[in-house]
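Visitor: Quick one: structure below, then a few questions.
Numbering (the working numbering), first residue to last: 1 to 365.
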């Protein structure tokens, strides 16, 4: 994972499903063993048995990100196919119940299940995490503070979980309300320094609601493992293009806010209640209704707020030769809608949720 300023890495979580019925299947150990023969430690088990995760290496360019994600998805799909399984890229499974499956037999995950009980067992949800290298600990926290207003826009762009246990939830990202049951989620207040972050983390550890830093599930946080900022707001993306878009926007946001620090630009203070409302609105509607401009605060059309983010990042993206690619990917996303809209369109065309599940499969190479 990233060890220098502004390198980037991506983690993608996926569902393991039966090759015929496309229902969730508890098969992580067999699929993991097969995948590790090709991908090594870049593939990991997750909390629940029908989940699996891949992690890119350290990437300098978006071309590197694309190549890594394509290689990892290809290797994982081949490993799953060898076990009679397929890989699904969705924040939630459209119809399979979580009750049919257990926790991965790993001490940390077993402890989480003991501590949080049903809450942990319900977490059959998959996200995409983007790590961006920020090696100075104080700067990492200060950049984190400045990225907060834009997290809901990233969520709206990548919302990809409208169905849950056979029902249309009415949400673009139902992963968010499922995941929010953990006691340590959401967007933190501005902290200003690594010392302040460490104090908050120590206080949370002292409460006993989390046992280690890995259980601090904020939407953005200094990584517990790497000298990075880890952005955890987005659903797993259905396509590599969308994951590259997310990685490019996220890294540019870090570079842009880091440059603001260097110019001593004042931090925009936005009430946490407003950010929470903006986050909920993005989870509920994605790109299909007004989002909350937290600087107003006021509702604005989703496309307008996305264009505002692009405008904020344009100088940085052009400087790094990434504007054409990222602006094209964002424009496509605004036109076709996020994954949640496309899932609903598949369901409406006929075939029901089984057709949606087929639509969400990572392609066999």
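Ideal Cβ positions, reconstructed from N, Cα and C, are used throughout, including at glycine.
1) Using beta-carbon positions only, say whether residue 88 and residue 353 come within less than 8 angstroms of one another.
2) What is the residue span of the alpha helix (DSSP H) that residue 229 lies within?
3) What span of residues does the beta strand (DSSP E) with residue 88 cover, start to end?
4) Taking the runs of the alpha helix (DSSP H) that are 4 residues or longer, which of them lie wholly in the segment 180–265?
5) What is the rounded straight-line gap between the Cα of residue 137 and the Cα of residue 227?
6) Do you know whose CA, among 293, 108, 262 and 195, lies nearest residue 211's CA?
7) Could you check which residue in 119, 213 and 8 has the C-alpha nearest to that of residue 65?
8) Taking DSSP's pairing of strands, which residues face residue 298 in a bridge?
9) When we look at the beta-carbon of residue 350 and count the other beta-carbons within 10 Å, is it buried (16 or more) or exposed?
10) What are the boundary residues of the beta strand (DSSP E) that includes residue 326?
11) Please report the straight-line C-alpha distance between residue 111 and residue 323, rounded to a whole angstrom.
12) What does the alpha-carbon distance come out to for the pair residue 154 and residue 114?
13) Return the residue from the list 293, 237, 340 and 279 that minimises the CA-CA distance to residue 128.
14) Could you check if residue 364 is buried or exposed, using at least 16 other CB atoms within 10 Å of its CB as the buried criterion?
15) With DSSP as the reference, please indicate the residues paired to residue 44 in a beta bridge.
16) Taking the alpha-carbon positions, what's the residue 184 to residue 217 distance?
17) Mind checking who residue 318 pairs with in its DSSP beta bridge?
18) In or out: residue 56 buried (at least 16 other Cβ within 10 Å) or exposed?
19) Do the CB positions of residue 309 and residue 150 come within less than 8 angstroms of each other?
20) Determine whether the beta carbon atoms of residue 76 and residue 58 lie at a separation below 8 angstroms.
21) Please state the DSSP three-state secondary structure of residue 308.
22) Whole angstroms are fine: how far does the CA of residue 101 sit from the CA of residue 255?
23) Counting only runs of 3+ residues fully inside the segment 73–126, write out the beta strand (DSSP E) ranges in chain order.
24) Which residue's Cα is closest to the Cα of residue 120: 98, 90, 345 and 78?
25) Comparing alpha-carbon positions, which option in 248, 67 and 307 lies nearest residue 321?
26) Does the separation of the CB atoms of residue 21 and residue 82 fall below 8 angstroms?
27) Would a C-beta distance cut-off of 8 angstroms place residue 90 and residue 172 closer than the cut-off?
28) Bridge partners of residue 128, per DSSP?
29) Inspect the beta-carbon positions of residue 188 and residue 174 and report whether they are closer than 8 angstroms.
30) Express the C-alpha separation of residue 197 and residue 141 in angstroms, rounding to a whole number.
31) Looking only at C-alpha atoms, which of 139, 296 and 200 sits nearest to residue 264?
32) What distance in whole Å lies between the Cβ atoms of residue 287 and residue 300, which are believed to be in contact at a cut-off of 8 angstroms?
33) Can you tell me whether residue 269 is buried or exposed, with buried defined as 16 or more other CB within 10 angstroms of its CB?
34) Excluding five sequence neighbours on each side, which residues of the same chain lie with their C-beta closer than 8 angstroms to the C-beta of residue 204?
35) For the ligand SAH, any of its heavy atoms closer than 7 angstroms to the Cβ of residue 317?
36) When you compare only the Cα positions, how much space is there between residue 404 and residue 326?
Guide: The relevant details are as follows:
1) Taking 8 angstroms as the Cβ cut-off, residue 88 and residue 353 do not qualify as a contacting pair.
2) Run containing residue 229: none in the alpha helix (DSSP H); it sits in the beta strand (DSSP E), 228–235.
3) For residue 88, the enclosing beta strand (DSSP E) begins and ends at 85–88.
4) The qualifying runs are 194–207 and 240–262.
5) Distance between the alpha carbons of residue 137 and residue 227: 8 angstroms.
6) Comparing Cα positions, the closest option is 108.
7) Among 119, 213 and 8, the Cα nearest to that of residue 65 belongs to 8.
8) Partner(s): 293.
9) By the neighbour-count criterion, in which a residue is buried when 16 or more other Cβ atoms sit within 10 angstroms of its Cβ, residue 350 is exposed.
10) Segment 323–336 is the alpha helix (DSSP H) holding residue 326; no beta strand (DSSP E) there.
11) C-alpha of residue 111 to C-alpha of residue 323: approximately 45 angstroms in a straight line.
12) It is roughly 33 angstroms from the alpha-carbon of residue 154 to the alpha-carbon of residue 114.
13) Nearest to residue 128 by C-alpha distance, out of 293, 237, 340 and 279, is 237.
14) Exposed: under 16 other Cβ atoms inside 10 Å.
15) 53.
16) Distance between the alpha carbons of residue 184 and residue 217 is about 5 angstroms.
17) Looking at the DSSP assignment, residue 318 forms no beta bridge with any residue, so it has no partner.
18) Buried, since its Cβ has 16 or more Cβ neighbours within 10 Å.
19) Cβ distance < 8 angstroms, so residue 309 and residue 150 count as in contact.
20) Going by beta carbons, residue 76 and residue 58 fall outside the 8 angstroms limit.
21) Reduced to three states, the DSSP call for residue 308 is helix.
22) Residue 255 and residue 101: Cα-Cα distance of roughly 41 angstroms.
23) Complete beta strand (DSSP E) runs here, min 3: 85–88.
24) Minimum Cα distance to residue 120 is reached at 98.
25) Closest by C-alpha distance to residue 321, out of 248, 67 and 307, is 248.
26) Judged by their CB atoms, residue 21 and residue 82 are not nearer to each other than the 8 angstroms cut-off.
27) Result no, Cβ atoms of residue 90 and residue 172 do not sit closer than 8 angstroms.
28) 12 and 234, per the DSSP bridge assignment.
29) Residue 174 is positioned such that its CB atom lies no closer than 8 angstroms to that of residue 188.
30) Answer to the nearest angstrom: the Cα atoms are 7 angstroms apart.
31) Sorting 139, 296 and 200 by C-alpha distance to the C-alpha of residue 264 places 139 at the top.
32) At roughly 12 angstroms, the Cβ-Cβ gap does not stay under 8 angstroms, so residue 300 and residue 287 are not in contact.
33) Classification for residue 269: exposed.
34) Correct list, in chain order: 184, 210 and 216.
35) The ligand SAH is not part of the structure shown, which contains no ligands of any sort.
36) What is shown of the chain runs 1 to 365, which leaves residue 404 out entirely.
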